[in-house]
Amino acid sequence: MNLTVGSWRLTFALARAPSRTKASASASIPSSIARAYLPRSTRVLAQRFHSSSTFPRSRSEALSARQRLRAITFQATFPSTSQRHCSTASKVAIMADRDTLPSDFKPAHYDLAIRDLDFPNWAYKGTVRIDGELTKPTTQIVLNTLELKLVSSSIVVSQNKSDQSWQSSGFTEDKKSQRTTITFPEELPISSKVSLLIEFTGELNHDMAGFYRSQYKPVAPPAASVPHDDEFHYMLNTQFEACDARRAFPCFDEPNLKATFDFSIEIPADQVALSNMPVKDTQTVGDDKKLVSFERSPVMSTYLLAWAVGDFAYVEAFTDRKYNGKQIPVRVYTTRGLEEQGRWALQHAPKIIDYFSEQFEIDYPLPKSDILAVHEFTHGAMENWGLVTYRLTAILFDEKLSEIKYRNRVAYVVAHELAHQWFGNLVTMDWWDELWLNEGFATWAGWLATDHLHPEWEVWAQFVNEGFDQAFTLDSVRSSHPIQVAVRDALDVNQIFDKISYLKGCSMIRMLASNLGIKTFLKGVAIYLKKNAYGNAKTTALWESLSEASGVDVNTIMGAWIEKIGFPMLTVTEGPGSQEISVKQSRFLSTGDVKPEDDETTWWVPLALRGKIGSQGVESLALTTKDSTISGISDDFYQLNTNATGFYRVNYPESRLKKLGTQLGQLSTEDKIFITGSAADLAFAGYSTTAGLLSFIQGMKTETHYRVLKQALDAVGTLKSIFAEDAQVKPGLEKFILELVEKPLKEVGWEAKSGEDYNTSLLRTRLLTSAIANGHQETTQAGFARWTAFRANPTENPIPADLRAPIYRAALRTDPTGTVAALKHEWFTTPAIDGKEICLQNLGHATDTGIISDTLLPFLFNISPPAAATDSISSGDMHILAGSLSGNRVGRPLLWAYLRDNWDQVNAKLGGNPILIDRLVGRSLGKFADKQVLAEIETFFAGVSTKGFDRTLETVKDKIRGRAAYKERDAESVKGWLIGNGYA
């Protein structure tokens, strides 16, 4: 392990514990359970190791190493341990708020072997030996299991240089808590050297959780042994975060019960096995199998273990930097025939590894970095240490067939997951209530690295446009949650893998880093990682490290942001002719009904003020009270939250907002996006007027930047989705939108120009789609003509990847029946990696009720088999079509009715994976603006179990309340503005 602190580089030597003898045939004792770091000198130069023997071999060893490092280096400059960490009493209180495993057994090492893969029955057998310590006498050991059958168990306990062994006398499974109690006939004594051996069987499920099978259609002849049915072939892979390692093998499945792992798996001889570490050994087993063993892992949480089996091929590159004299190999694995589409990711991953190694001042800790494209996947990607798994569209890019926006997606997701190799893997949150530490930081670091590699993409403007807005939307409802949210039952954690943990978390990091300075912030991160390497940490540990680097009391300024729900709105009042403004902070709720008990938080708010008389730059002032007055402000121009680094909304006087609409040339791209978003949210909640929002957007008729126009079009699109039932409002808003896109649409046209930049390509797609969606006849006719030519001769008239969305939309408006049938066929047969997503996104815009009811809804919810594979969307993609239908004024009520009337079918398709049903509910129901539908939703879900999506359901209901209130309050004023300005 190589840890750098200032100018000191510290080297530790590793020593093995003496071997222990085998106690019985049923349970073998490892040659060592743990190794200890032995300090040689604090003055020797560091060495970088990549063999498995260099990793900490147990949780206690990792802690010992960190403590020794702190004692040597930080003693004079950091607070004592009691100051850095919570007291014993508070630790007990925290643990009392968690439903955790008993502490009798503490794991240190797993030796896991998987064998007898039974493809016809989708089953397997396994053996796991868990080495650790018994901390108190007991007759029972409790660990996590789910959908496993425990066959036998024994334990060997070492005491006073002798070993005793016991066979278990029984297993008791609690399916609700996903725990199994192993009972022994006698009391087991306290011991620091214990080996628990378990034989078990498991299922190769199709729920995208645990050890599961993933279906695909080969694009190249597969190996003979690859399992298949009449429609699909299958690869095998794992997905363990948050609580699904227990689906694959019996384990102590909590993030702070870290251990090392030895893993081996028996597979067909013509397939490939992958895991976190490099292959250590391959042995032939019979005529057609091989046993693949992997090097020992570093100390890590169970959710980071991973493996995969399949007909894999790869492309490879190496880091530019050398690590212990060697470049790190980076491979992108796919099922055979897709590997060349991993080249774009491969251009980025090695560079990002080098970049983070330098920025975090800790070299990438593993000897290899593998990437695996998985055909069926719940998330975008998963950061398994050394074997990161991805949804296909998050990692593969076809230079001829992929839409350009996926370049950005792949680059960012690769950076996000590689950031986790340090922030999350090397240092892991202590418990799931600190999830934001993993995800918020990785989101920020992912964009940081992407910006480093692609400054021309303007990714921070992208984040303000996309990330900010999504975080604000969720955090503006009463049922939101603090960033650091109490999680008593780990089984509920899936619901907080949400926009708060990721995007508000990222916004906090970005706000803090912008105010401390990026270099200072990264120095604090490096201190944090070094102090907590191979261990677990809390938010306060990060704040302390950042305070050390900056001299700022970070915990004080950030405490409310992390621990309290919501965010502030700054209401600005101008003193007439006084060159001063008053600024007041209060909690923002999208429903506009803030109660005194909702508004008890006072946030530290960095104002980033521009427009102070005599100053040309940005004033780094902060609001730390409920209100304050600032003098010396220009009457002509001023703004708060310059460059949109602060996570809050600004409510300017309407006259000031209108004037800013005439001063767009003085605003950055981020400023224009932020002011538009603020105006839209404030109008939604009733804190300002929709007239003010529309007047501000009117000033953007000459705007050509994609991100700014996207923000404006999204804002008007929300108005359309809420108010368009009115016969005058709908065409009025459509006319307004067409006027907004007219000038830039003429400039970009249908054809891409040579050397065109990334944002211009995105702009063309959005402008054409908006023009068609809002009834622009010329554009619709041109799009349908291209569709007709494509259908007549796809080879001669292919649709350019970036034009699929507008052309599909034009075809749906012109020939809905024929187009839906054609797009379903395209969905099933497309060779484009992103083709399925593009088809599903556009199918949901069909407006014929018969097509939606008779074709699209069965297509969405059918289970295959018995339904044909051509007529059943994979459960992992259902949210794409459902989200599109939900945004469709005609499809929304039909989707809700189908969900309500066929709930058992929905559960049958998705019930094996709570993440999927949570996502479906969130995407399907939040766009209503009708109190009657809200009442229907409340009544229906009161009669069914909402375990696993109850939190999301509450946010859905709050969103509907806000939309209904907005519709009721502003319907007439929106119509009046449109009529008064000649749009209706």
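Numbering (our numbering) for the sequence shown: -11 to 972. Just so it is clear, CB atoms sit at the ideal spot from N, CA and C, and this is done for glycine as well. Computed from a predicted model, the values in this text were never measured in an experiment.
Neighbour-count burial assignment, residue i, 16 or more Cβ in a 10 Å radius
i	result
A809	exposed
D958	buried
K492	buried
V139	exposed
K487	buried
S933	exposed
Q166	buried
K388	exposed
A972	buried
T272	exposed
T783	exposed
Three-state secondary structure assigned by DSSP to residue i
i	result
R201	strand
L462	helix
W420	helix
R395	helix
D480	helix
N543	helix
Q63	Residue placement at Q63 cannot be trusted, given a pLDDT of 28 that sits under 50; the coordinates are not used to answer.
K246	coil
S1049	With the chain represented from -11 up to 972, any question about residue 1049 goes unanswered, as that position is not in the structure.
H221	strand
W591	coil
T322	strand
S874	helix
E371	coil
W738	coil
A34	Caution is warranted here: a pLDDT of 31 is assigned to A34, below 50, making its placement in the model unreliable, and the coordinate value is therefore given only provisionally. Looking at A34 - three-state DSSP - the assignment turns out to be coil, as it is neither helix nor strand.
R86	coil
Distance between residue j and residue i (C-alpha atoms, nearest Å)
i	j	result
F684	K646	5 Å
V398	N503	29 Å
S533	K511	9 Å
N762	G968	21 Å
T677	A671	5 Å
G455	T527	22 Å
S174	G158	Note that residue 174 corresponds to Glu in the displayed sequence, not to Ser. Distance between the alpha carbons of E174 and G158 is about 12 Å.
S390	H408	27 Å
E422	Y490	12 Å
S862	G547	42 Å
E364	R801	31 Å
I178	P125	5 Å
K113	K278	15 Å
L89	P243	12 Å
L406	H440	15 Å
N264	S281	11 Å
I1007	V542	Not covered by the structure: residue 1007. The range shown for the chain is -11 to 972.
K94	T322	37 Å
G434	H404	4 Å
N- and C-terminal bounds of the beta strand (DSSP E) containing residue i
i	result
G654	Residue identity differs from the one stated: residue 654 is Gln in this sequence, not Gly. Segment: none, Q654 is in no beta strand (DSSP E) and carries neither H nor E.
E121	A111 to L122
L279	K277 to F282
S1023	Examination of residue 1023 is not possible in this model, given that the chain is present from -11 through 972 alone.
W154	S150 to Q155
V475	That residue, V475, is in no beta strand (DSSP E); it is neither H nor E in DSSP.
S289	Neither: S289 is in no beta strand (DSSP E) and is coded neither H nor E.
T171	R167 to L176
Q573	E568 to R575
Extent of the continuous alpha helix (DSSP H) run through residue i
i	result
R880	G879 to D889
S495	G493 to L504
G705	Y694 to F711
Q769	Q765 to A780
R792	R792 to T802
Q920	K919 to A930
The ligand HEM heavy atom lying under 7 Å from the CB of residue i
i	result
V402	As far as ligands go, the structure on display features none, and thus does not contain the ligand HEM.
Can you list the alpha helix (DSSP H) stretches of 4 or more residues lying completely in the region 423 to 451, in chain order?
Within the region 423 to 451, the complete alpha helix (DSSP H) segments of 4 residues or longer fall at 423 to 441 and 447 to 451, listed in chain order.
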